[in-house]
Amino acid sequence: MYSPTSSTSSSSNMATRQSLIRPDYITPEAWAKLDRTVQLNLSKLNSTFGTSQTYIHDPQTDGPREPNPYLNPRTQTSQNDMIIDPDILEQERLGTTRSQPRRGRGRGQSRVPSGRLIPQQTRSRTPSRSSQHQFSRDRSRSPPSQLPLPSMLNEVEKRFDAQLGMLQEKIYAKFSELEREKENRSDTNTNYRGPSKRRGASTAAKRAARRRTNHKALPLPPDDDTREDLRMSKSELSTSAQVAKRCLQKLARNKFRFICGIPKGTNWPCSAQDREDDGDNDENEDFYTPNFLGDVDNVENQEIFAAVAAQVFNDLQNAEDVPDELTNPDHHWDKSTIFEFAKTSFRGFKEEWKKQPEIDPMKAKRGLEQKRLLRWSSRRKEKVKRLAMMVPAYVEEYGVDPTCLLDEKHMSDEASGPEDEDVETKEQWKSRMGSMMGISTPAALMNVRFLETIKPNWRSDELSDIFLTLHTSWWVSLTAKEREGYNFLRVRDTGRASDVIPLLAPFNFGINQRWLEVQKSRGENSHILMDWNTFQDPDGFGEGVEADALGDEFQPGQ
DNA sequence: GACCATTAGAGTCCCAGAGG
DNA sequence: CCTCTGGGACTCTAATGGTC
30 MYSPTSSTSS SSNMATRQSL IRPDYITPEA WAKLDRTVQL NLSKLNSTFG
80 TSQTYIHDPQ TDGPREPNPY LNPRTQTSQN DMIIDPDILE QERLGTTRSQ
130 PRRGRGRGQS RVPSGRLIPQ QTRSRTPSRS SQHQFSRDRS RSPPSQLPLP
180 SMLNEVEKRF DAQLGMLQEK IYAKFSELER EKENRSDTNT NYRGPSKRRG
230 ASTAAKRAAR RRTNHKALPL PPDDDTREDL RMSKSELSTS AQVAKRCLQK
280 LARNKFRFIC GIPKGTNWPC SAQDREDDGD NDENEDFYTP NFLGDVDNVE
330 NQEIFAAVAA QVFNDLQNAE DVPDELTNPD HHWDKSTIFE FAKTSFRGFK
380 EEWKKQPEID PMKAKRGLEQ KRLLRWSSRR KEKVKRLAMM VPAYVEEYGV
430 DPTCLLDEKH MSDEASGPED EDVETKEQWK SRMGSMMGIS TPAALMNVRF
480 LETIKPNWRS DELSDIFLTL HTSWWVSLTA KEREGYNFLR VRDTGRASDV
530 IPLLAPFNFG INQRWLEVQK SRGENSHILM DWNTFQDPDG FGEGVEADAL
580 GDEFQPGQ
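Under my numbering, the first residue of the first sequence carries the number 30, and numbering increases by one thereafter.
Here it is, written out as structure tokens:
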């Protein structure tokens, strides 16, 4: 790239003779005080990264073949490591010139002049222009090119044309999108005076426009603040946007599994190598394998995210395939949204991958424990719902309302397997449960499943009795047919108990005081038990019975 | 970003009833 | 008798939010 200070002359005289260009961010006073060398360097930087000063081409000092660098950016794109700022070409197409700094640019970046080339840092394999300039003296010692100058120029021109062709495709695609946005605007705003549709569009853009006419319009990028971006966190989204986000996330997740060839319920491979060693190479070689040792920034993983984004986005190009949840024009999402969702899925899959015994035995064990806790938790919640249904009957029979006692944390747990499979196998456990229920034949055992009730040691017999009364009342209320629907048999009083302390202190009467004394003497759970024995019994229960009896002459059990 | 607990929702299993 | 459908209970998966 030509710059005012990149004269072909290498003599120091030439350098000092050159007109040094003061960057406009340095005042003339400050400039005058600077060392000549510093001025030269700043001048070079200014010319390389942009200046607002107008440079008039002087054939006498610049040479007859050197173009004015700021007149036509296309003439400067013969380097592989440079790309054209798409906005520039877009402006050229529109015949407009940007006179204001671009929106969203930082202060320093806004100094970049219109029409300059921007370094393509991520792909650059050759030193940037500025660094080449800095080492121009070294370069001058390198052997001269074997190509004569006109051939070199032709070669450069060819490379430029090829690169420009690709860039134009991308730019016109973007431009077409902008056009579509304007079309949409013009539907609601008849005062729109933008370029007429299709005029000047390339063949590619026209083809794209024709394709679009057959497709359902996808959400456009937000042009104002009213559209909800599905990348926002769930709590920040409206209900409909949450539904859309869930839908798109699911599409990304399913596509992720699909292109990796790992259906739901299948373990993720430990590595690509393991997968190859697994046997059917022909089958596996078509699939991506995530690198779970890496994170979301890993190049291999990013490739997968990009593939997921591209394929999901492509799948949604047909109107028939777009789920209703994703057709709301008030929601914004695009390929980058799907890319982000693929990252989210990856994180989940990585956790899943880690929970394999061969990857992390401890985590695998913990994962199984988590699943068990989840099952138990959902059973406790279901139990509270059932007991709550029987409250009216309880009130009718005993005259007191037990609703305040019903909390999921205070329900006893029910296990569908042995406490420790290393001590007792599942079959042994089932056989033991069967014998307690009077079922001993293997054939009969085949058809039943058991839930072993675990006695919570912290709970008093009085509170346990109330829950049992409610539960029995619910069970009796069912028809024989309904009871048959519950194919789990509950086994009580097996001796299995738990010292797990609920994180919600019960009413005083609900506490097993002997257990509490032992726990307090140990001291290890004193921080959890701080507020235990501080909740006075409600009317009709525990000490509340006496108070209630004095007031209402009521006795429990009436 | 890892880890964990919680949550929503989908999947699975079993059964009953309707209809051919 | 077979198939389909719907419902309930239970289980599992994946997302989410909070904390570190």
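Glycine is no exception: its CB is placed at the ideal position from the N, C-alpha and C atoms.
Terminal residues of the beta strand (DSSP E) in which residue i lies
i             : result
glutamate 481 : 478 to 485
aspartate 528 : Taken as a continuous stretch (DSSP letters only), aspartate 528 belongs to no beta strand (DSSP E), as it is neither H nor E.
Opposing strand residues paired with residue i [DSSP bridges]
i             : result
valine 520    : Glu481
aspartate 258 : His361
arginine 540  : Here residue 540 turns out to be isoleucine, not arginine, going by the sequence shown. Answer is Arg488.
Residue from the options whose Cα sits closest to the Cα of residue i
i                 : options                           : result
glycine 323       : Asp353, Asn357 and Lys372         : Lys372
valine 337        : Thr523, Lys484, Phe378 and Ile367 : Ile367
proline 567       : Ser493, Thr432, Ser469 and Lys279 : Thr432
alanine 589       : Asp353, Cys289 and Thr356         : Look at the range of the chain in this structure, 30 to 587, and you will see that residue 589 is not part of it.
tryptophan 405    : Asn327, Gln271, Val529 and Gln278 : Val529
glycine 539       : Leu435, Arg551 and Pro386         : Leu435
tryptophan 487    : Lys293, Trp561 and Ile388         : Trp561
serine 365        : Ser269, Asp258, Glu398 and Lys392 : Asp258
arginine 256      : Ala270, Lys263 and Ser262         : Ala270
phenylalanine 496 : Val413, Leu403, Arg461 and Thr268 : Val413
tryptophan 382    : His360, Asn296, Ala339 and Ser502 : Asn296
leucine 416       : Trp362, Ser502 and Gln340         : Ser502
glutamine 385     : Pro298, Ser506 and Ser550         : Pro298
asparagine 343    : Asp363, Asn327 and Asp359         : Asp363
Start-to-end residues for the alpha helix (DSSP H) that takes in residue i
i             : result
aspartate 344 : 328 to 344
aspartate 442 : Element bounds for aspartate 442: not the alpha helix (DSSP H) but the beta strand (DSSP E), 442 to 444.
glutamine 399 : 390 to 418
threonine 501 : 490 to 506
cysteine 289  : 268 to 289
leucine 474   : 471 to 475
Own chain residues within Cβ distance below 7 Å of residue i, not counting five before or after
i                 : result
lysine 459        : Leu474 and Phe479
methionine 466    : Leu518 and Val520
phenylalanine 370 : Leu277, Gln278 and Ala281
glutamate 481     : Glu443, Ala444, Met462, Val520, Thr523 and Arg525
glutamate 448     : Arg525
asparagine 357    : Ser269 and Ala273
Close-in-space but distant-in-sequence residues of the same chain around residue i (CB under 8 Å, 5 per side omitted)
i                 : result
isoleucine 483    : Ser441, Asp442, Glu443, Ala444, Arg525, Ala526 and Ser527
glutamine 331     : Val325
arginine 376      : Val325
aspartate 353     : none
phenylalanine 504 : Looking at the sequence itself, residue 504 is tryptophan, so the reference to phenylalanine does not match. For tryptophan 504, where only same-chain residues beyond five positions count, the Cβ hits under 8 Å are Arg512.
proline 292       : Arg286
asparagine 554    : Ile530 and Gln548
Cβ shell of residue i (< 6 Å), same chain only, five flanking positions each side left out
i             : result
lysine 410    : Glu437
leucine 631   : Given that the chain is displayed from residue 30 to residue 587, the structure contains no residue 631 and the question cannot be resolved.
arginine 408  : Glu443
glutamine 340 : Lys284
glutamate 591 : For residue 591 there is no data in the structure shown, the boundaries of the chain being 30 and 587.
Secondary structure of residue i, DSSP reduced to three states
i                 : result
phenylalanine 570 : coil
tyrosine 317      : coil
proline 386       : coil
glutamine 457     : helix
histidine 556     : coil
threonine 563     : coil
glutamate 206     : Per-residue confidence for glutamate 206 stands at a pLDDT of 49, beneath the threshold of 50, marking its modelled position as unreliable; the derived number appears in the next sentence. In this structure, glutamate 206 counts as helix in the three-state DSSP scheme.
glutamate 450     : coil
methionine 462    : helix
aspartate 324     : coil
isoleucine 468    : coil
proline 535       : coil
aspartate 91      : With a pLDDT of 35 at aspartate 91, under the threshold of 50, the modelled position of this residue cannot be trusted; read the value that follows with caution. It is helical.
glycine 377       : helix
threonine 7       : As shown, the chain starts at 30 and ends at 587. That puts residue 7 outside it, with no answer to give.
lysine 549        : helix
Residue i beta carbon near the ligand ZN (any heavy atom closer than 7 Å)
i             : result
aspartate 363 : The model on display carries no ligand, and the ligand ZN is accordingly not part of it.
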